[in-house]
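Heads up, the thing below is written out as structure tokens.
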Amino acid sequence: MPKRVSGRTRASVSRSTTDTDDYHQPNNMRSRSNSGVKLDNYARIVHQTILRHQDPVTGLLPASGDQPDAWVRDNVYSILSVWALSLAYRKNADRDEDKAKAYELEQSVVKLMRGVLQCIMRQLDKVEKFKYTKSTMDCLHAKYNTRTCATVVGDDQWGHLQVDATSLFLLFLAQMTASGLHIVYTQDEVDVVQNLMFYIEAAYKVADYGMWERGDKTNQGIPELNASSIGMAKAALEALDELNLFGAGGGPGSVVHALADDIQHCQSILNSMLPRASMSKEVDAGVLSIISYPAFAVEDISIVNITKEKIISKLQGRYGCCRFLRDGHKTPKEDPNRLYYESAELKLFENIECEWPLFWTYLILDGVFTNSPEQVQEYRDALEGILIKQKDGICLLPELYSVPPDRVDEEYVNPHSVERVPLGKLPLKWGQSLYVLGSLLAEGFLAPGEIDPLNRRFSTIPKPDVVVQVSILAENEEIQELLMKNGIEVETIADIHPIHVQPARVLSHIYARLGRNQRLGLTGRPYRRIGCLGTSKFYVIRNTIFAFTPQFIDHQQFYLALDNQMIVDMLRTDLSYLSSRWRMTGRPTVTFPISQTMLTEDHSDLDPAVLATLKKLQDGYYGGARIQTGKLSEFLTTSCFAKLSFLDASKHAGGMGREQDDDDDYGCFAEHGMTFNGEADDLAQYLDQLLITANPSRGSKVRGDSGGLDRFKAAATKTKDMVSLMHKAKELHLHNAHLYLPTKLFRSPQPSLHLTLTDSSAPHTSQFPQVVVTSECNLPRDSSGDIDYNSLVQLLRDTHSLPDQADILYILFKDKGMEWDTRLHGKGSTVRSLLTDLYVKAGDLKHWGLIRMISGILRKKVEELDWACSDLLAHQKHLTVGLPPEPREKTITAPIPPDKLAMLIDEASENNITIAILTQEIMVYLAMNMRTQPSLFSEMYRLRIGLIIQVMATELAQSLNCSGEEATESLMSLSPSELKILLHHILSGKEFGVQRSVRSVDAGASPAISIHEVGNVGATKSERAGISKLKSDMRMLEEHRLSWSQQRQSLTPHSLDMEHIESGRIWWVALTGTRTGVKRL
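Read in order, the letters of the sequence shown correspond to residues 1 to 1081 in UniProt numbering.
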């Protein structure tokens, strides 16, 4: 129980009920119930401490008389007591006057919330910029002018980036709307709220200044990941998802949407951070707002309890709780004339941190929601001892209690022993409001569900087990027959009509239209990948059912999808993730297509890894998840559905759009295409055409005889000007547009390169001479000695070697640039288009060295790179990129936007495309291992990716007994799955072996290298079966020996048994190359 100040007068709310005031006095001529009298008293308190300060024009509340600005966070918390009081009056109304009073209070709440919304709408340009830059200079401001809603301080003069403040506003916008208040009036405001959700959806990778506006603990203006911001953003997104902002009278156009993957990313990072509040703060009392009311953001009750206990044990004192350890705010040792602290100044504040009664109000609310009356009474009693009673009988909650300057030394020696004095705002409106809210709940005027209509308080209740539904589709009839031969019955893409299947990047493109508003200059959601939670639902778009394939099978995103073993690993991970993180109504449904790339090299059968996975899926349990396989049509009644009404043709056409039956005519969708700057939005037209081509006329049969992958690649058959799409994408800040839209859209209209390749099934007998471009000495020259680029292009046309083609294109890229037109097939044959074509061909041959090289040249980026970086940082790890030593090696201590992260990697790699692309790949693998096996990193504080690359190359050099250059080439030639295995073995310290393939290798392809655990090196399937038989025989022999020993005590067959065992060991060594004391191969 918290200690109270001895001798202090205990101020009770009930004592002030006899005091008089002009605000809402009860009519003495009429009878009044006891509850009505108490409510009137609370109304008087709320009026005197909060409502009388509300600006009559904007509805905003100033912080205090000395601080006239309106803070977003303080305003939202301050109005909660008014909202709660209105609900209490409406519930306990004795007279008509009480209903009128409830309405008046409700309108005061609406006025303030709309005031905050008006402040935000004056900064929509910042909302739009921040969605892409995540910069502290492009964020919404934390405080505004109370009278005008204007900004009051410069972008760089305050720690404005406070994701929790914006999220808190959105959370209570949702809760108040669900309670019946009408805060959002127009469709424009709906779009603003939708874009604010995009503003906060990436909170898990945004370093901000936190709820104390100071950044990290050192108070030097350094932003960092804050658990309070991530948790509040998660709560706001969950609360707003599928909410109609117009209330019961709204239509589908006023519904806002959140993406489940962003919510779960926040959850994952939050769980990994708590009970720490950030990298610099081991504990922070502000986290109470996310583990309990109002956010209830944490689902694991054990994390909630651990965090709460740590806050109480580390921060609680006699007057409240400290914000965090070594907090210097308003302590006698703080210099009020400096904005920031010196580097070693924090030690001065140890044991004299100010104590805030505010946090006891959170603990009162926590006791109410956890049904702990003892906790509620404990902290109410404690608060009564430190409230300051005014002459009019109203009790005020001070901002904080500080150690008197003349008793600092005494407090240093004996913490919590000195009588403290109140400082700061009196009252702190934020704390006063929560105190009144807690009192109304504790005294029964309100039930917890009335101030939590969206039921966030049930977040810690265990969820039922999830069954993941998997529908396997064949790209064409040939693959369907191969699957049938292996006992797997599936449908083809043509068989599933009227359900339409599209790749995940199309869903990203669709969601990019959500929240677009031409008048406000809002472009909607940034073009980002959709995770497995988003693609595991059915979508209804213009009365058509769509299913989407997982992102990880789209090789246009990144080359990891070209490795079938990697696809299998990522499928297992996604199924396990769905099983543990699915929270939506209905079951998740994974649409898994089998394409040509998942066949063996001769296309005679399925890849063994894929086939084994498909059979395991049919067993009903895979990757720790319960699985049910079947047809898509069979899952319609049990799956999760989302209706994307924002794509309805009438939404932006004033309801004048044509009926769905006529949607086979492209003209009807021209009205729907949004316009910016008076020009048609080509991206919108592309999407409209996609919906048309994917939705055949009623009665027509879907043909599946040509190009099964055409559906997956979502290629539009009509576009006005495909080249203009890329320019429009740049205007809309579309990053990596080629990853989301079909590659063919961004190629010039020349035919494919048709590079001459060696036939892997026949000896090399090409009539063309072998061109080896190993140095500039071999390059064609003109009469002046310069490189003859026209002859070099002719060499490119003639050569059949993939590495030589890559070398030539690299030289052209380096000397001429990516957009140089080679005119190989007429106008438009740019270096970029030829490299893209070569990337596809290298992918078909699984030439990983070339794939990585071309990916580096094309500046391909893993879309989840910044998420992987944030995930590692959230586990309190620092990252370095680039080869040692510094300054080449760069350290990452806080999340940064994806473009800046890619630039940093390029800079640290000194523009070495090999190092840069490997850095991206390894960062993703480290994050995968961190999520599945965090114990691998238990003793690591800094993850040096450049050093990891060096160690990998060194291990390969030792294992293969080759030079460093050959080892680097071998490292680049590893498949993604083998590279991931090698990284895991190095991290875990397991012994492993490296083996070159003895199979014949395609011309131009890299020698195959495989990584094995040392016990499995070289063992074939039949040999492994023999080893298993040997183990079985040895067990039987041991059992026989024990039985014989019991019958014949006089005999000692020990030596015979040992002889058999030793012979078995010799056989084992012969088969596997290992002994009991293993060594690295």
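We put the CB at the ideal spot given by N, CA and C, even for glycine.
**Whether Y341 touches N455 by CB criterion (8 Å)** = Your numbering for residue 341 matches position 341 in the sequence shown. Your numbering for residue 455 matches position 455 in the sequence shown. No, they are not a contact pair.
**Asked** Starting from S402 and walking both ways along the beta strand (DSSP E), at which residues does that stretch end?
**Response** In the sequence shown, the residue the question calls residue 402 occupies position 402. Residues 400-402.
**Request:** Could you spell out where the alpha helix (DSSP H) holding L872 opens and where it closes?
**Result:** Translated into positions along the sequence shown, residue 872 becomes position 872. Note, L872: alpha helix (DSSP H), 865-874.
**Reference L883, options Q950, V470, S108, closest by Cα** = Counting from 1 along the sequence shown, the entry for residue 883 is found at position 883. The shortest C-alpha separation from L883 is found at Q950.
**Asked** Would the segment 916-935 and the segment 147-161 be scored as touching if the rule is three or more Cβ pairs under 8 Å?
**Response** no
**Request:** Kindly list the residues whose CB is nearer than 6 Å to the CB of F198, restricted to its own chain and excluding five residues on each side of it in sequence; keep chain order.
**Result:** In the sequence shown, the residue the question calls residue 198 occupies position 198. Correct list, in chain order: K131, R525.
**Item:** Euclidean distance between Cα positions of Q118 and C149
**Value:** Start at 1 with the first residue of the sequence shown, and residue 118 comes out as number 118. Start at 1 with the first residue of the sequence shown, and residue 149 comes out as number 149. Each residue's Cα considered, the two are about 7 Å apart.
**Prompt:** L173 and V192: beta carbons closer than 8 Å?
**Reply:** If you number the sequence shown from 1, residue 173 lands on position 173. If you number the sequence shown from 1, residue 192 lands on position 192. The answer is no: Cβ separation not under 8 Å.
**Request:** Would you mind listing the beta strand (DSSP E) stretches within the segment 394-461 that are 3+ residues and don't spill past its ends, in chain order?
**Result:** 400-402, 421-423
**Request:** Measure the alpha-carbon distance for P462 versus A297 and round it to whole angstroms.
**Result:** Position 462 of the sequence shown, counted from the start, is the residue given in the question as residue 462. Position 297 of the sequence shown, counted from the start, is the residue given in the question as residue 297. If you take the alpha carbons of P462 and A297, they lie about 14 Å apart.
**Message:** Across the segment 221-234 and the segment 159-177, are there enough close Cβ pairs to call them in contact, namely three or more that are closer than 8 Å?
**Reply:** yes
**Burial state of T638 (16 or more Cβ within 10 Å)** = Working through the sequence shown from its first residue, we reach residue 638 at position 638. T638 should be labelled exposed.
**Request:** Just tell me which of M113, S417, H500 has its CA closest to the CA of R73.
**Result:** Along the sequence shown, one-based indexing puts residue 73 at 73. Ranking the options by Cα distance to R73, first place goes to M113.
**Request:** Could you check the C-alpha separation between F449 and T58 for me, to the nearest Å?
**Result:** As a first step, residue 449 must be located in the sequence shown, where it is residue number 449. As a first step, residue 58 must be located in the sequence shown, where it is residue number 58. The question names Phe, but residue 449 in the sequence shown is Gly. Straight-line Cα distance between these residues: approximately 30 Å.
**Asked** What residues are listed by DSSP as bridge partners for P884?
**Response** Within the sequence shown, numbered from 1, the residue matching residue 884 stands at position 884. Answer is none; P884 lacks a bridge partner.
**Request:** Over the uninterrupted beta strand (DSSP E) stretch that includes P593, give me the two end residues.
**Result:** Taking the sequence shown and counting its residues from 1, one reaches residue 593 at position 593. That run of the beta strand (DSSP E) goes 589-594.
**Request:** Pair every Cβ in the segment 399-409 with every Cβ in the segment 44-53, then say whether three or more of these pairs are closer than 8 Å.
**Result:** no
**Request:** With DSSP collapsed to three states, give me the class of K389.
**Result:** Within the sequence shown, numbered from 1, the residue matching residue 389 stands at position 389. Note: K389 maps to strand in three-state DSSP.
**Request:** To the nearest angstrom, report how far apart H160 and A295 are at their CA atoms.
**Result:** Locating residue 160 in the sequence shown gives position 160, where the first residue counts as 1. Locating residue 295 in the sequence shown gives position 295, where the first residue counts as 1. Going from the Cα of H160 to the Cα of A295 covers about 21 Å.
**Request:** State the beta-bridge partners of D335 as determined by DSSP.
**Result:** Residue numbering aside, residue 335 sits at position 335 when the sequence shown is read from its first letter. According to DSSP, D335 bridges with nothing at all.
**DSSP beta-bridge partners of N226** = In the sequence shown, counting from the first residue as 1, residue 226 sits at position 226. According to DSSP, N226 bridges with S278.
**Prompt:** In three-state terms, what does DSSP make of C321?
**Reply:** Within the sequence shown, residue 321 is the residue found at index 321, counting from 1. Looking at C321 - three-state DSSP - the assignment turns out to be strand.
**Prompt:** Which value, in whole angstroms, describes the spacing of the CA atoms of D563 and H847?
**Reply:** Within the sequence shown, numbered from 1, the residue matching residue 563 stands at position 563. Within the sequence shown, numbered from 1, the residue matching residue 847 stands at position 847. For D563 and H847, the distance between alpha carbons rounds to 11 Å.
**Classification of M952 by the beta-carbon crowding that lies within 10 angstroms, buried from 16 upward** = Against the sequence shown, residue 952 aligns to sequence position 952. Flag for M952 reads buried.
**Message:** Quick check: what's the CA-CA separation for L533 versus I499?
**Reply:** Looking up residue 533 in the sequence shown gives position 533. Looking up residue 499 in the sequence shown gives position 499. Each residue's Cα considered, the two are about 19 Å apart.
**Prompt:** Just the Cα atoms here: how many angstroms apart are E106 and D452?
**Reply:** Position 106 of the sequence shown, counting from 1, holds the residue named residue 106. Position 452 of the sequence shown, counting from 1, holds the residue named residue 452. For E106 and D452, the distance between alpha carbons rounds to 16 Å.
**Item:** Per-residue DSSP class, three states only, for K877
**Value:** Taking the sequence shown and counting its residues from 1, the one referred to as residue 877 is at position 877. It is coil, neither helix nor strand.
**Asked** Does the beta-carbon of L979 have 16 or more other beta-carbons within 10 angstroms, so that it is buried, or is it exposed?
**Response** Residue numbering aside, residue 979 sits at position 979 when the sequence shown is read from its first letter. L979 comes out buried.
**Prompt:** For W158, which of helix, strand or coil comes out of DSSP?
**Reply:** For this step, residue 158 is matched to residue 158 along the sequence shown. In the structure shown, W158 sits in coil (DSSP, three-state: anything other than H, G, I, E or B).
**Prompt:** On the three-state DSSP scale, how would you describe residue 1140?
**Reply:** What is shown of the chain runs 1 to 1081, which leaves residue 1140 out entirely.
**Prompt:** Between R823 and I913, what straight-line distance do the alpha-carbon atoms span, to the nearest angstrom?
**Reply:** Start at 1 with the first residue of the sequence shown, and residue 823 comes out as number 823. Start at 1 with the first residue of the sequence shown, and residue 913 comes out as number 913. Taking the straight line from one Cα to the other gives about 26 Å.
**Asked** What's the C-alpha gap between V368 and S343?
**Response** Residue 368 sits at position 368 when you count from the first residue of the sequence shown. Residue 343 sits at position 343 when you count from the first residue of the sequence shown. Rounded to whole angstroms, V368 to S343 spans 42 Å at the Cα level.
**With 16 other Cβ atoms within 10 Å as the buried cut-off, status of K38** = Within the sequence shown, residue 38 is the residue found at index 38, counting from 1. Buried.
**Request:** Excluding the 5 residues preceding and the 5 following L259 in the sequence, name in chain order all residues of the same chain whose CB lies nearer than 6 Å to its CB.
**Result:** Walking along the sequence shown from the start, residue 259 turns up at place 259. G534.
**Message:** Taking a contact to mean a Cβ-Cβ separation below 8 Å, would you say P976 touches K205 in this structure?
**Reply:** Residue 976 sits at position 976 when you count from the first residue of the sequence shown. Residue 205 sits at position 205 when you count from the first residue of the sequence shown. No, the Cβ-Cβ distance between P976 and K205 is not below 8 Å.
**Message:** So, with DSSP's three-state summary, where would you put Q377?
**Reply:** For the purposes of this step, residue 377 is taken as the residue at position 377 of the sequence shown. In this structure, Q377 counts as helix in the three-state DSSP scheme.
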